[in-house]
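Student:
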Ligand SMILES: Nc1nc2c(ncn2[C@@H]2O[C@H](COP(=O)(O)OP(=O)(O)OP(=O)(O)O)[C@@H](O)[C@H]2O)c(=O)[nH]1
Ligand SMILES: [Mg+2]
């Protein structure tokens with residue numbers, strides 16, 4: 208899974224990237240954008256997996272996320288950005304929004320106003336898609352006349368509908384694409400169709416006033432808050448000293464962005480985790496919410512999917528509470544499920560298959 212951090216200049220993108228990946232890329236007040244981007248692959252922290260790995264005495268293999276720090280994009284420049292491919296490649300976009308005060312870092316629009324910047328960026332994503340569609344429609348109009356191919360006609364009609372949707376001011380993630388339509392336009396990698404997390408980088412004062420802006424995932428979009436600079440400072444301290452300082456900042460209940468962020472991203476992208484256990488490794492797998500056991504088996508290996516017989520399933524807590532499969536079976540907690548079974552978050556799944 209790829210998550211791309213992007214946003215207007217000097218919002219704390221690289222600072223966030225460092226917090227999420229434990230890298231030490233340069234965070235800087237005054238330098239102009241360097242034209243570089245950063246990339247790191249990190250483990251998805253999951254205490255449940257750790258407990259299972261301890262039980263089996265095998266190494267935990269965490270699911271992975273690839274983070275990209277796409278660098279600064281000036282107002283109105285998304286459509287021309289040299290980094291646009293980093294946005295197109297993403298499974299989810301993280302728009303980092305300035306919410307902290309600092310007189311030395313001038314905001315190009317003057318006042319600090321997260322809602323204004325969030326709306327401006329959403330407009331830019333829509334405009335970029337609009338231009339992509341417009342260009343393709345011009346080409347299609349010519350081709351459809353020449354070739355009269357059914358697929359081209361279908362694409363033309365769908366793109367016209369999407370264009371009208373954008374003209375009505377709506378992002379493409381809200382357009383109810385059928386599976387077939389989705390396949391038809393997948394190649395365009397529309398930006399306003401991607402799940403979007405607006406993350407406001409606040410400070411200890413603004414944190415409270417922006418609390419009301421946080422909004423849970425709906426229509427593939429959500430808003431969350433974090434306090435970049437404070438968190439970076441906290442992480443410099445010994446773990447036992449952190450709560451004291453957190454309390455001082457009035458952020459006693461604050462959760463570190465890394466865990467919180469990944470949880471939010473999974474919710475936003477509608478993802479869950481399931482586990483496989485065994486004598487070699489204890490492993491977490493990422494799966495789309497609502498996916499069947501059959502789909503899940505394909506994540507592991509195409510051979511397992513091809514030879515799928517049944518899935519043995521048990522929630523991770525039940526497994527540990529029963530101290531292993533034998534007792535779980537006696538108690539009827541280890542279930543045998545078929546291909547269509549919808550895998551739930553946190554389940555241990557063992558696939559039986561023909562080789
Ligand atoms: N006061 C305050 N300063 C912050 C915060 N987050 C980042 N900064 C400062 O903002 C400056 C820019 O931080 P970066 O992480 O380099 O920002 P960026 O968005 O990557 O910058 P560009 O890539 O140049 O657009 C640094 O001086 C940071 O210390 C914050 O939450 N509060
Ligand atoms: Mg940066």
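Residue numbers (the working numbering): 208 to 562. We put the CB at the ideal spot given by N, CA and C, even for glycine.
1. If you measure from the CB of residue 222, is any heavy atom of ligand 1 nearer than 7 Å?
2. Whole angstroms are fine: how far does the CA of residue 525 sit from the CA of residue 320?
3. Does any heavy atom of ligand 2 sit closer than 7 Å to the C-beta of residue 309?
4. Give every residue of the same chain whose Cβ lies closer than 8 Å to the Cβ of residue 423, excluding the five residues on either side of it in the sequence, and list them in chain order.
5. Out of 267, 250, 405, which has the shortest C-alpha to C-alpha gap to residue 257?
6. Measuring CB to CB, does residue 503 end up less than 8 Å from residue 556?
7. Measure the beta-carbon distance from residue 347 to residue 365 and round it to whole angstroms, keeping in mind my assumption that it falls under 8 Å.
8. So is residue 416 in contact with chain B if we call contact Cβ pairs under 8 Å?
9. Residue 450 to residue 440, Cα distance in whole Å?
10. Nearer than 7 Å: is that true of the beta carbon of residue 278 relative to any heavy atom of ligand 2?
11. Candidates 543, 409, 289: which alpha carbon is nearest residue 243's?
12. Is residue 472 near residue 219, with beta carbons less than 8 Å apart?
13. With distance defined between alpha-carbon atoms, name the residue in 339, 309, 515, 486 nearest to residue 398.
14. At a threshold of 7 Å, does residue 435 count as lining ligand 1 (C-beta to nearest heavy atom)?
15. Where does the unbroken beta strand (DSSP E) through residue 277 begin, and where does it stop?
16. In the DSSP assignment, what residue or residues form a beta bridge with residue 429?
17. Is the beta carbon of residue 221 sitting closer than 8 Å to the one on residue 249?
18. For the structure I just gave you, are there three or more beta carbon pairs, one from the region 366-385 and one from the region 302-314, closer than 8 Å?
19. Just to confirm before moving on: does the CB-CB distance between residue 293 and residue 277 stay below 8 Å?
20. From the DSSP output, read off the bridge partner residues of residue 267.
21. Report all residues from its chain with a CB closer than 7 Å to the CB of residue 400; omit the five preceding and five following residues, and keep chain order.
22. Beta carbon of residue 405: closer than 7 Å to some heavy atom of ligand 1?
23. In whole angstroms, what separates the C-alpha of residue 316 from that of residue 427?
24. For residue 262, which option in 522, 485, 477 has the closest C-alpha, if you only look at C-alpha atoms?
25. How big is the Cα-Cα spacing for residue 464 and residue 514?
26. Check residue 541 in the structure and name its three-state DSSP category.
27. Report all residues from its chain with a CB closer than 6 Å to the CB of residue 335; omit the five preceding and five following residues, and keep chain order.
28. Put residue 482 into one of helix, strand or coil per three-state DSSP.
29. Please list the terminal residues of the continuous alpha helix (DSSP H) segment that includes residue 518.
30. Could you tell me if the beta carbon of residue 412 falls within a distance shorter than 7 Å of some heavy atom in ligand 1?
31. Cβ-heavy atom distance between residue 408 and ligand 1 below 7 Å?
32. At a cut-off of 7 Å, is residue 511 close to ligand 1 when judged by its beta-carbon and the heavy atoms of the ligand?
33. Residue 305 bridges to which residues according to DSSP?
34. Keeping to the same chain, check which residues put their C-beta closer than 8 Å to that of residue 510; ignore five residues upstream and five downstream.
35. Using DSSP's beta-bridge definition, name the partner residues of residue 557.
36. From what residue to what residue does the alpha helix (DSSP H) around residue 562 run?
Tutor: Walking through what the data contain:
1. One-based indexing of the chain shown puts residue 222 at position 15. Checking the Cβ of residue 222 against ligand 1 gives yes.
2. Counting from 1 along the chain shown, the entry for residue 320 is found at position 113. Counting from 1 along the chain shown, the entry for residue 525 is found at position 318. Approximately 47 Å between the Cα atoms of the pair.
3. Along the chain shown, read from residue 1 onward, the residue named residue 309 stands at position 102. Outside the cutoff, so no.
4. The count along the chain shown starts at 1 and reaches residue 423 at position 216. Taken in chain order, the residues that qualify are 429, 474.
5. Translated into positions along the chain shown, residue 257 becomes position 50. Comparing Cα positions, the closest option is 267.
6. Here residue 503 refers to the residue found at position 296 when the chain shown is read from its first residue. Here residue 556 refers to the residue found at position 349 when the chain shown is read from its first residue. Cβ atoms of residue 503 and residue 556: closer than 8 Å.
7. Locating residue 347 in the chain shown gives position 140, where the first residue counts as 1. Locating residue 365 in the chain shown gives position 158, where the first residue counts as 1. Wrong, their Cβ atoms sit about 10 Å apart, outside the cutoff.
8. Reference to chain B is not applicable here, since this structure consists of a single protein chain.
9. Translated into the one-based positions of the chain shown, residue 450 becomes position 243. Translated into the one-based positions of the chain shown, residue 440 becomes position 233. If I take the Cα positions, the gap works out to 12 Å.
10. By 1-based counting over the chain shown, the position of residue 278 is 71. True, at least one ligand heavy atom lies under 7 Å from that Cβ.
11. Within the chain shown, residue 243 is the residue found at index 36, counting from 1. For residue 243, the nearest C-alpha among the options comes from 289.
12. Position 265 of the chain shown, counted from the start, is the residue given in the question as residue 472. Position 12 of the chain shown, counted from the start, is the residue given in the question as residue 219. Not a contact, by the Cβ cut-off of 8 Å.
13. In the chain shown, the residue the question calls residue 398 occupies position 191. The shortest C-alpha separation from residue 398 is found at 339.
14. Here residue 435 refers to the residue found at position 228 when the chain shown is read from its first residue. Checking every heavy atom of ligand 1 against the Cβ of residue 435, one is found closer than 7 Å.
15. As a first step, residue 277 must be located in the chain shown, where it is residue number 70. First-last of the beta strand (DSSP E) with residue 277: 271-279.
16. In the chain shown, the residue the question calls residue 429 occupies position 222. Beta-bridge pairing links residue 429 to 404.
17. As a working note, residue 221 is residue 14 in the chain shown. As a working note, residue 249 is residue 42 in the chain shown. Not in contact: residue 221 and residue 249 (Cβ atoms no closer than 8 Å).
18. no
19. Position 86 of the chain shown, counting from 1, holds the residue named residue 293. Position 70 of the chain shown, counting from 1, holds the residue named residue 277. Closer than 8 Å, so yes.
20. Taking the chain shown and counting its residues from 1, the one referred to as residue 267 is at position 60. BP columns for residue 267 point to 489.
21. Stepping through the chain shown from its first residue, residue 400 is reached at position 193. Hits under 7 Å: 379, 380.
22. Walking along the chain shown from the start, residue 405 turns up at place 198. For ligand 1, not one heavy atom lies less than 7 Å from the Cβ of residue 405.
23. Numbered from its first residue, the chain shown carries residue 316 at position 109. Numbered from its first residue, the chain shown carries residue 427 at position 220. Their backbone Cα atoms lie some 28 Å apart in a straight line.
24. Translated into the one-based positions of the chain shown, residue 262 becomes position 55. If we check each option's Cα against that of residue 262, 485 comes out closest.
25. Within the chain shown, residue 464 is the residue found at index 257, counting from 1. Within the chain shown, residue 514 is the residue found at index 307, counting from 1. Those two C-alpha atoms are separated by around 41 Å.
26. The residue labelled residue 541 in the question sits at position 334 within the chain shown. The answer is coil: DSSP assigns residue 541 none of H, G, I, E or B.
27. For the purposes of this step, residue 335 is identified with residue 128 of the chain shown, where counting begins at 1. Within the same chain, residue 335 has close Cβ partners 285, 286, 398.
28. Counting from 1 along the chain shown, the entry for residue 482 is found at position 275. The answer is strand: DSSP assigns residue 482 an E or B state.
29. Here the question's residue 518 lines up with position 311 in the chain shown. Counting along the chain, residue 518 falls outside any alpha helix (DSSP H), though it belongs to the beta strand (DSSP E) covering 515-522.
30. As a working mapping, residue 412 is identified with position 205 in the chain shown. No.
31. As a first step, residue 408 must be located in the chain shown, where it is residue number 201. At least one heavy atom of ligand 1 is nearer than 7 Å to the Cβ of residue 408, so yes.
32. For the purposes of this step, residue 511 is identified with residue 304 of the chain shown, where counting begins at 1. Incorrect: residue 511 has no Cβ contact closer than 7 Å to ligand 1.
33. Here the question's residue 305 lines up with position 98 in the chain shown. For residue 305, which the question treats as bridged, DSSP gives the partners 408.
34. As a working mapping, residue 510 is identified with position 303 in the chain shown. Result list for residue 510: 560, 562, in chain order.
35. Start at 1 with the first residue of the chain shown, and residue 557 comes out as number 350. Beta-bridge pairing links residue 557 to 519.
36. Indexing the chain shown from 1 puts residue 562 at position 355. Counting along the chain, residue 562 falls outside any alpha helix (DSSP H), and DSSP gives it neither H nor E.
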